[in-house]
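Q:
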Amino acid sequence: MKQAILLAPSEPDTFVQVGDGPVPQIDDNKILVKAVAYAANPCDWKHRGPGWGHYGAIAGTDASGIVLAVGRNVTGFEEGDHVSTFLRGNLDFNRGAWAEYVVADPATTINYKKTLSETALPMGTSPSGSIASFEGAASVTLSLATVAVSLSHSINIPYNKQENASRYILIWGGATSASVLAIQVAKLVYGLKVITTASQRNHEFLRSLGADEIFDYNDAAVVEDIKRTAAGNISFALDAVATPQTFQQLYDSLEGSQEVWVDNLSFMGPESINTDSSRNIHFGRTCAYFGDGNAQTLAGHLVPVFGGLTESYNQFWTTKLPEIVSQLKTSNLLVLEPGLESANQALHLLSTNKVSAQKIVWRGNSA
Numbered sequence: 001m002k003q004a005i006l007l008a009p010s011e012p013d014t015f016v017q018v019g020d021g022p023v024p025q026i027d028d029n030k031i032l033v034k035a036v037a038y039a040a041n042p043c044d045w046k047h048r049g050p051g052w053g054h055y056g057a058i059a060g061t062d063a064s065g066i067v068l069a070v071g072r073n074v075t076g077f078e079e080g081d082h083v084s085t086f087l088r089g090n091l092d093f094n095r096g097a098w099a100e101y102v103v104a105d106p107a108t109t110i111n112y113k114k115t116l117s118e119t120a121l122p123m124g125t126s127p128s129g130s131i132a133s134f135e136g137a138a139s140v141t142l143s144l145a146t147v148a149v150s151l152s153h154s155i156n157i158p159y160n161k162q163e164n165a166s167r168y169i170l171i172w173g174g175a176t177s178a179s180v181l182a183i184q185v186a187k188l189v190y191g192l193k194v195i196t197t198a199s200q201r202n203h204e205f206l207r208s209l210g211a212d213e214i215f216d217y218n219d220a221a222v223v224e225d226i227k228r229t230a231a232g233n234i235s236f237a238l239d240a241v242a243t244p245q246t247f248q249q250l251y252d253s254l255e256g257s258q259e260v261w262v263d264n265l266s267f268m269g270p271e272s273i274n275t276d277s278s279r280n281i282h283f284g285r286t287c288a289y290f291g292d293g294n295a296q297t298l299a300g301h302l303v304p305v306f307g308g309l310t311e312s313y314n315q316f317w318t319t320k321l322p323e324i325v326s327q328l329k330t331s332n333l334l335v336l337e338p339g340l341e342s343a344n345q346a347l348h349l350l351s352t353n354k355v356s357a358q359k360i361v362w363r364g365n366s367a
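Following the UniProt record's numbering, the numbering of the sequence shown begins with 1 at its first residue and continues without gaps.
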């Protein structure tokens, strides 16, 4: 089969090389998927050096396709189903998302039955819409797993829409692929009110997803404006941009709220920012890689699965997500030329910050 192999840094903009490898075999607990489409994420280029991945491993974290085989212990999937899946790429020499055949874990796979369109999206920009194409399906899975870990475990939002109706969640960086889905999940699953930040050009789009209050993060008064609007009613907060600067802004915006559960997507803790010990702030840490229930090597350190994470994640993935997946909208998509070779273009665009408010997707050569 064709597969995209992670290369050691040598030539500019050459992240992977497409080569041949054996079709993988599945064990009794996995699914074999014939890939149709792929998506690129920042972790695909950031998590590729020693301590994070292995040069020579199969790259990629997001793919969609058609189920070819189902392990004997797997339930809820059958041959021919349309699915999307995420797995940790850049790590395994026999398993990655950017390949013709993908070994999928049911715990990180979404089943659309047979509802996805066989027709490829045209190259270029494709506007946000329901998950109706293989490209759209490929774009959501890692982001949904990230949202699942964060909201169900790291900040532990209760499944009580009545109780949550007067509560705000603050999502910093509303136009990121994770935030686009987090806004919708916060409304559809949890019944929260949503405050988010984004550049002015993305406000209308985020409002269409359900955001209640949107502020321009370029505005010098953004923190004060959020505090005034929230009036002390922020209970949860997620920084999806996740730099020390944005995490500090998020934290500062919570002043006046009595008790807040806070998370970010770079695994930062309170030591990364200036904090006030008199405030009642609970800090979580999120990494979607834990969604498969296994310990992970992060920056060279083996990190066990946090207590309760697997149970919280599985409850969301198996009972809450199926109820809303048909209502979810994707990010705006940037569709590249078919072929695994497009992975290099995708990673160049991401690593040079050439993409904003879009998710990069493309089909395989034979899709």
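Think of the CB as a built atom: it goes at the ideal place given N, C-alpha and C, for glycine as much as any other residue.
1. Per DSSP, which one or two residues make a beta bridge with N213?
2. Determine the DSSP secondary structure at D252, reduced to helix, strand or coil.
3. Quickly, what does DSSP pair W45 with across the bridge? List them, please.
4. State buried or exposed for N332, treating a residue as buried only when at least 16 other CB atoms are found within 10 Å of its CB.
5. Which of the three DSSP states is assigned to F247 in this structure?
6. Would you list the residues sitting across from F77 in a DSSP beta bridge?
7. Tell me the start and end of each unbroken alpha helix (DSSP H) in the region 81-148 that is at least 4 residues and wholly inside, in chain order.
8. Going along the chain, which unbroken runs of the beta strand (DSSP E) with 3 or more residues stay wholly within the region 155-205?
9. Could you pull the DSSP bridge partners for R363 from this structure?
10. According to DSSP, simplified to helix, strand and coil, what is F267?
11. Taking only beta-carbon atoms, is I183 less than 7 Å away from chain D?
12. Under DSSP, the alpha helix (DSSP H) around Q315 begins and ends at which residues?
13. Can you find the residues in the same chain that come closer than 7 Å, C-beta to C-beta, to Q345, ignoring five residues on each side of it along the sequence?
14. E255 to V222, Cα distance in whole Å?
15. Between N264, E259 and Q327, which lies nearest to L250 when the distance is taken from Cα to Cα?
16. Going by Cα to Cα distance, which pick from S143, L142 and P122 is closest to S133?
A: On the basis of the supplied data:
1. It should be noted that the sequence gives Glu, not Asn, for residue 213. Paired residues: I195.
2. helix
3. Beta-bridge pairing by DSSP links W45 to no other residue.
4. Buried, by the Cβ-count rule.
5. helix
6. In DSSP, F77 forms no bridge with anything.
7. 134-138
8. Whole beta strand (DSSP E) segments, 3+ residues: 168-172 and 193-197.
9. According to DSSP, R363 bridges with A37.
10. DSSP places F267 outside both helix and strand once states are collapsed to three, so it counts as coil.
11. Of the protein chains in this structure there is only one, and it is not chain D.
12. L309 to Q315
13. Here the set comprises L336.
14. 13 Å
15. Relative to the Cα of L250, the nearest Cα in the group N264, E259 and Q327 belongs to N264.
16. That would be P122, whose Cα lies nearest to the Cα of S133.
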